[in-house]
Amino acid sequence: MFYWKNIEESEAPTAQELFIGGLWSGSSQMTRFEDRDPTTGRLIAMIADATSDDIDRAISAATGAQPAWEGLSPTERASFFYGAAELFDQRRDDFVRALIAETGSTFGKAAYECSLIPVALREAAGLTTREIGEILPSNVPGRVNRTMRGPRGVIGVISPWNFPLYLSVRGFAYALALGNTIVLKPSEDSPISGGLMLAHLLSDAGFPPGVFNVVTTAREGASRVGTAFVNDKRVAGLSFTGSTKVGQSLSTECASVFKPIMLELGGKNSILVLEDADVDHAVDLAFFGAFLHQGQICMSTDRVIVARPIYDEFASKLVEKVQKFAPCQPQDPHSVIGPIINDRQLQRVVTLVDEALAAGATICCGGQAEPPFYHPTVLTGVTTDMRIWHDEIFGPVTCVIPADNVEHAVELANDSDYGLTAAIVTRDSLAGELLAERINAGMVHVNAPTVHDEPHCPFSGIGASGGGGKWGPKGAIEAFTVQRWISTQRKKAVLPF
Numbered sequence: 001m002f003y004w005k006n007i008e009e010s011e012a013p014t015a016q017e018l019f020i021g022g023l024w025s026g027s028s029q030m031t032r033f034e035d036r037d038p039t040t041g042r043l044i045a046m047i048a049d050a051t052s053d054d055i056d057r058a059i060s061a062a063t064g065a066q067p068a069w070e071g072l073s074p075t076e077r078a079s080f081f082y083g084a085a086e087l088f089d090q091r092r093d094d095f096v097r098a099l100i101a102e103t104g105s106t107f108g109k110a111a112y113e114c115s116l117i118p119v120a121l122r123e124a125a126g127l128t129t130r131e132i133g134e135i136l137p138s139n140v141p142g143r144v145n146r147t148m149r150g151p152r153g154v155i156g157v158i159s160p161w162n163f164p165l166y167l168s169v170r171g172f173a174y175a176l177a178l179g180n181t182i183v184l185k186p187s188e189d190s191p192i193s194g195g196l197m198l199a200h201l202l203s204d205a206g207f208p209p210g211v212f213n214v215v216t217t218a219r220e221g222a223s224r225v226g227t228a229f230v231n232d233k234r235v236a237g238l239s240f241t242g243s244t245k246v247g248q249s250l251s252t253e254c255a256s257v258f259k260p261i262m263l264e265l266g267g268k269n270s271i272l273v274l275e276d277a278d279v280d281h282a283v284d285l286a287f288f289g290a291f292l293h294q295g296q297i298c299m300s301t302d303r304v305i306v307a308r309p310i311y312d313e314f315a316s317k318l319v320e321k322v323q324k325f326a327p328c329q330p331q332d333p334h335s336v337i338g339p340i341i342n343d344r345q346l347q348r349v350v351t352l353v354d355e356a357l358a359a360g361a362t363i364c365c366g367g368q369a370e371p372p373f374y375h376p377t378v379l380t381g382v383t384t385d386m387r388i389w390h391d392e393i394f395g396p397v398t399c400v401i402p403a404d405n406v407e408h409a410v411e412l413a414n415d416s417d418y419g420l421t422a423a424i425v426t427r428d429s430l431a432g433e434l435l436a437e438r439i440n441a442g443m444v445h446v447n448a449p450t451v452h453d454e455p456h457c458p459f460s461g462i463g464a465s466g467g468g469g470k471w472g473p474k475g476a477i478e479a480f481t482v483q484r485w486i487s488t489q490r491k492k493a494v495l496p497f
């Protein structure tokens, strides 16, 4: 049985293996990569670096297990998910500590992420008995048309490091509940909390061998997994959560072999603060959306678009609030701003801010890097010709922009290749709902932050944020099953020849 405290209390870095066919094994070439705490740099563990042969073994295991898994009754499949949810509740503290140590999650963020897991697992259990077909009329006398859906087969899942636990679970749980089997590749920055701990959880919950497999690779080997998922005919589809650049590449490769891929990509999200908004409440919403998990969330608020009559008051109050929060150790229960996940991401944030300053933007607060931290930053004077206006920041930085009127605010919010989420703050909820329909985003929240998720609701973006939803019962069924039309002629028909 696996517990995070075994890693915490180990005097030397532990060795973590691949999980294939219900068994733990090292890489076929016995290679490993380092997994380090982003806050302290401490070496947590040495992780097995899967080879192409290892990935092939995992796909073989999933392929072999799929028919029997699909053949279980809905109640039998559901029971495994309910069991995993109960077991997770018993191990929740382990998962919280793992998220803090491995990804720099603050205590509050880690606790919030963990609160979603049993909900998602139980939601997946309920998916096993959702309707998966319908009866359709026919213009032919005596003919009955019906549709039915069945699992695609083996699904390759690639998950990110920012919400590694939840986004891994969300990436595979619904597909698994619908009768597919899984090969999961978690991020190299979160191989334990995003993959290996889940393998222990599902194994201990009794999931059959081969139904759920985890392969880990170093950053340099990540492309091996994507290539295998795309080109191996035994893999029926991909589920990818990550950067738009990688998602676009995988999507192009999948299109060349006619393989479906479900994408959840980046965002350039705006919160619109209308003239009638409660300014103090709007500040709280913008702060939460911009700085939760140091802004390292696809739903983070990169742009705060404020009605000009209240712009000065809003900007002043936001800066005043931001200045109260300095980066600190993420395990502190009161911590809000933790570390940036790695040096590459920290340098990217620094570069985006420096370029904006050189182009004429102004720092109202923050703007300092103290590796591995970056102080929460508010920029003004950002214009549409700056890279920071268009590129996802993925750090604790937000830009406050004035809007002349509602039309101007909508124009600014829609000036993006992305279309993930947005928020609107107004005292007139109905007007907010009507305005939400004009925002080019897959999700719009009125009087709430841009960062919001509920496992039973559809989560999807448009444009460069990924097309089509795979979350929520309806979206999951459409994404992870194949529809068939079956017609039966119950009364002999007269044919023309």
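Each residue of the sequence shown is one higher than the one before, starting from 1 at the first, in full-length UniProt numbering.
Positions of the beta carbon are idealized from the N, C-alpha and C atoms, including for glycine.
All values derive from a computational prediction rather than experimental measurement.
Of the listed residues the options, nearest to residue i (C-alpha basis)
i: A111; options: M30, S239 and P333; result: P333
i: F81; options: L121, V283 and P449; result: L121
i: Q29; options: G21, P38 and E17; result: E17
i: V304; options: E11, V400 and D415; result: V400
i: R57; options: G21, M46 and G41; result: G21
i: K321; options: P376, D278, L238 and N231; result: P376
i: L127; options: S243, N213 and R149; result: R149
i: E70; options: G461, K109 and L176; result: L176
i: W24; options: E11, E8, A61 and A12; result: A61
i: A125; options: F207, A101 and V183; result: F207
i: R170; options: M443, R143, S239 and G142; result: S239
i: S168; options: L178, K185 and G153; result: K185
i: residue 506; options: A78, L430, Q296 and P339; result: In the structure as shown, the chain begins at 1 and stops at 497. Residue 506 is therefore absent and cannot be evaluated.
i: G456; options: D284, I477, D204 and F325; result: The residue you asked about is not Gly; residue 456 is His in the sequence shown. Here the closest residue by C-alpha is I477.
i: V378; options: G64, I363 and E370; result: I363
i: V157; options: I132, L250, E76 and L99; result: L250
i: K268; options: G237, T301 and V283; result: T301
i: V350; options: E370, I100 and V336; result: E370
Distance, residue j Cα to residue i Cα
i: G194; j: P164; result: 4 Å
i: D428; j: A436; result: 12 Å
i: L434; j: A315; result: 26 Å
i: S52; j: F229; result: 11 Å
i: R484; j: K491; result: 22 Å
i: G26; j: K245; result: 31 Å
i: W495; j: R234; result: Residue identity differs from the one stated: residue 495 is Leu in this sequence, not Trp. Cα to Cα, the separation comes out at about 40 Å.
i: G225; j: C298; result: Inspection of the sequence shows that residue 225 is occupied by Val rather than by Gly. Going from the Cα of V225 to the Cα of C298 covers about 23 Å.
i: R97; j: L87; result: 16 Å
i: D280; j: D312; result: 13 Å
i: residue 502; j: G104; result: No answer is possible for residue 502: the residues shown for the chain start at 1 and end at 497.
i: P137; j: V144; result: 7 Å
i: residue 557; j: D415; result: In the structure displayed, the chain extends from 1 to 497; residue 557 sits before or after that span and is not available.
i: D5; j: V183; result: Per the sequence shown, the amino acid found at residue 5 is Lys instead of Asp. Roughly 26 Å between the two C-alpha positions.
i: I261; j: P473; result: 18 Å
i: A45; j: A15; result: 6 Å
i: Q489; j: I135; result: 14 Å
i: A12; j: A359; result: 48 Å
i: L292; j: R92; result: 20 Å
i: Q248; j: N139; result: 43 Å
i: A277; j: V211; result: 50 Å
i: P209; j: G367; result: 50 Å
i: E9; j: I100; result: 15 Å
i: L196; j: I47; result: 10 Å
Inter-residue CB distance, residue i and residue j (contact presumed, cutoff 8 Å)
i: P160; j: N180; result: 21 Å between Cβ atoms; not a contact.
i: L43; j: R32; result: About 11 Å; that fails the 8 Å criterion.
i: residue 515; j: G153; result: Nothing about residue 515 can be read from this structure; the chain reaches only from 1 to 497.
i: V382; j: A413; result: Contact doesn't hold; Cβ gap of about 14 Å is too wide.
i: A290; j: T398; result: 4 Å
i: Y166; j: G266; result: Y166 to G266, Cβ: 17 Å. No contact.
i: I155; j: G237; result: 5 Å
i: F19; j: N213; result: 6 Å
Any non-hydrogen atom of the ligand HEM closer than 7 Å to residue i Cβ
i: A479; result: In terms of ligand content, the structure shown is empty, and the ligand HEM therefore cannot be addressed.
8 Å Cβ cutoff, residue i in contact with chain D
i: W485; result: In the structure shown, chain D cannot be found, because there is only a single protein chain.
(message) Counting beta carbon pairs with one atom in the segment 184-192 and one in the segment 269-280, are three or more of them shorter than 8 Å?
(response) Contact annotation: the segment 269-280 does not touch the segment 184-192, with fewer than three C-beta pairs closer than 8 Å.
(request) Tell me, please, whether the segment 376-392 touches the segment 338-345 by the rule of three or more beta-carbon pairs shorter than 8 Å. (result) no
(request) Count the CB pairs spanning the segment 255-266 and the segment 397-406 that are closer than 8 Å, and state whether there are at least three. (result) no
(message) Which complete beta strand (DSSP E) runs does the segment 131-207 hold, if anything under 3 residues is left out?
(response) 133-136, 143-151, 154-158 and 181-185
(message) Please give the ranges of any alpha helix (DSSP H) in the segment 83-127, keeping only runs that are unbroken, at least 4 residues long and fully inside the region.
(response) For the segment 83-127, whole alpha helix (DSSP H) runs of length 4 or above, ordered along the chain, are 107-127.
(request) State whether the segment 215-232 contacts the segment 77-94, with contact taken as three or more CB pairs (one from each stretch) at a distance under 8 Å. (result) no
(request) Could I get the ranges of all uninterrupted alpha helix (DSSP H) runs contained in the segment 385-411, with 4 residues as the minimum, in chain order? (result) 387-390
(message) As an exercise, report each continuous alpha helix (DSSP H) stretch of at least 4 residues that is fully enclosed by the segment 229-265, in chain order.
(response) 244-256
(request) At 4 residues or longer, and completely inside the segment 47-82: list those alpha helix (DSSP H) runs for me, N to C. (result) Along the length of the segment 47-82, whole alpha helix (DSSP H) runs at least 4 residues long occupy 52-71, reported in chain order.
(request) Let me know the alpha helix (DSSP H) ranges lying completely inside the segment 458-490, each 4 residues or longer, listed in chain order. (result) 473-480
(message) Closer than 8 Å is the cut-off here; do at least three beta carbon pairs connect the segment 413-424 with the segment 446-455?
(response) Yes: the two stretches touch, three or more of their Cβ pairs being nearer than 8 Å.
(message) Which runs of the alpha helix (DSSP H) at least 4 residues long sit entirely within the segment 410-443? Give them in chain order.
(response) If we require 4 residues or more, the alpha helix (DSSP H) runs fully inside the segment 410-443 come out as 429-436.
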